[in-house]
Amino acid sequence: MRILNFMFLVISYWMMCTTGMAAEAPTPTPVIPPGYLNCTGAIYAHCGDIITGDTGGLENNAENYSCNALTENGPEQVFILNLTYQSRISCTILDGTFLNIYLLKACNENTCIIWNTDSFTSEVLEPALYYIVLDSWISESYQIQIECDYDEPQPTATPVKTPDIQGPMASACSMDNHENYIEEGRQSVGITAWIDDTLNGNSIIASAEYFIDVPGACGSGELLHAADGVFDSQSEWISGAINTSTWVPENSPYHIYIHGIDVNNSWGDFCAFDIEVKPSSTGIPLSVPVNNPVLKLFLIIIMTGFLIFQSFHIAQYNCKQSKIFKNFGILCFK
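As numbered in mature numbering (1 follows the signal peptide of the UniProt record, and there is no 0), residues -22 to -1, 1 to 312 make up the sequence shown, in order.
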């Protein structure tokens, strides 16, 4: 009988332990609420920049940030900073009164890392895109400074440099206003992209080019320029303009291909995006180029005849209505 009781206790204890283990649930991942911040007009910033501007004319989209209980009722300016190494980010308001400055992990006010009314310095952050938001109570001018305290790993031995045969990566290709369409008749459109060689050999970017619809041989495309005016670093925002005066809806979307080359003459892969051409909202193309000289002469004759015809009728009407002409017995043409 004692043996049976002992076995019953052992079995009961085993069932209690296994049941308790199975009932343990994993910790749920917190969900970040959607935000209202608009980063369409963001300014791309770099470590060491001193930026001057004005919040006048900007929109008030974000009002409540996750790291601050205040309500922001004024317009905001967004800056995008590409951090390529582990670093602290410091921001200082050099000029401006009714301003608060925030550091975000994404284009969402609910991802706030740190904020202050005049300056802040973050903890060491991992390489990524970060968003700096200057939120004002009222529209006013500003000047801010952005600094990075790079914490680059120190090598334990002298590395052997291998030849850089990889081209830079191209990403974030788009129109400079982040739209994906234009209206028929628009003369040109700006384009932009991020060219980065930090993970593909870490060489200086030398140039970039684009193709329309079909990529051609490397070096045969239309040149693009460094957004800051000079190619002098391992990663660059590049920009340029495409002539779209002859683009029509029937042939759209137009496919745009962009890639870059480093100083070691290594071309990288393409990034691509499409631009759709929509009919003009007025029903009339914004411009209609006439290149045929015979057609030009015909249009000139037609318009001149129309103006003469209209002028003659207006003159006849005025003649018939004029008492002066009637009093002097001057007859008007019928």
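C-beta: ideal position from N, C-alpha, C; glycine also.
Per DSSP, the continuous beta strand (DSSP E) segment holding T49 begins and ends at 46 to 49. Taking each of I110, D154, W225, W93 in turn and checking the Cα distance to A47, the smallest one comes out for W93. Put simply, the region 230 to 244 touches the region 178 to 198. At least three CB pairs are less than 8 angstroms apart. In this structure K83 does not touch I71 by the C-beta definition: roughly 21 angstroms separates them, more than the 8 angstroms allowed. Three or more pairs of CB atoms, one per stretch, sit closer than 8 angstroms, so the region 20 to 34 contacts the region 111 to 129. DSSP, read as helix, strand or coil, puts T89 in helix. Here the region 109 to 123 makes contact with the region 52 to 62; the two share three or more CB pairs at distances below 8 angstroms. Using a 10 angstroms sphere on the CB of V167, the tally of other CB atoms reaches 16 or more, which defines it as buried.
Straight-line measurement puts the Cα of Y159 at about 32 angstroms from the Cα of Y80. In the same chain as E50, and ignoring 5 residues on each side of it, the C-beta atoms closer than 6 angstroms to its own belong to E41, D113, in chain order.
Between the region 270 to 285 and the region 177 to 186, the count of C-beta pairs closer than 8 angstroms stays below three; the two stretches do not touch. Under the criterion of beta carbons closer than 8 angstroms, T75 and P105 do not qualify as touching, at roughly 34 angstroms. Under the 10 Å beta carbon count, T33 is surrounded by 16 or more other beta carbons and is classified as buried.
Three or more beta-carbon pairs drawn from the region 244 to 259 and the region 215 to 229 are found closer than 8 angstroms, and the two stretches are therefore classed as touching. C-alpha of N16 to C-alpha of I183: approximately 30 angstroms in a straight line.
Contact between L36 and P53 holds: their C-beta atoms lie close to 4 angstroms from each other, under 8 angstroms. Secondary structure note for G238: its beta strand (DSSP E) is the uninterrupted segment 232 to 240.
In this structure, Q121 sits near I28, with a CB-CB distance shorter than 8 angstroms.
I279 and E161 have their alpha carbons spaced roughly 31 angstroms apart. Secondary structure of L275 (DSSP, three-state): helix. Assignment of N94 by DSSP, reduced to helix, strand and coil, places it in the strand class. Listed as beta-bridge partners of T176 by DSSP are no residues whatsoever. Proximity to Y14 across N38, Q165, A195, G31 peaks at N38, based on C-alpha coordinates. Of T222, N78, G19, P146, the smallest CA-CA separation from F248 is found for P146.
Shown here, T75 sits in coil according to DSSP, grouped into three states, outside any helix or strand. With respect to the 8 angstroms criterion, S244 and Q144 are classified as neighbours on the basis of their beta carbons.
Rounded to whole angstroms, the separation of the alpha carbons of C69 and E101 is 13 angstroms. According to the DSSP secondary-structure assignment, V111 is paired through a beta bridge with V56, Y80. Beta-bridge analysis with DSSP links T99 to S68.
Distance from the CA atom of T224 to the CA atom of R164, rounded to whole angstroms, is 9 angstroms. Put simply, the backbone Cα of L77 is about 17 angstroms away from that of A20.
Excluding sequence positions up to five before and after A219, its CB lies within less than 8 angstroms of the CB of S166, V167, G168, I169, all in the same chain and listed in chain order.
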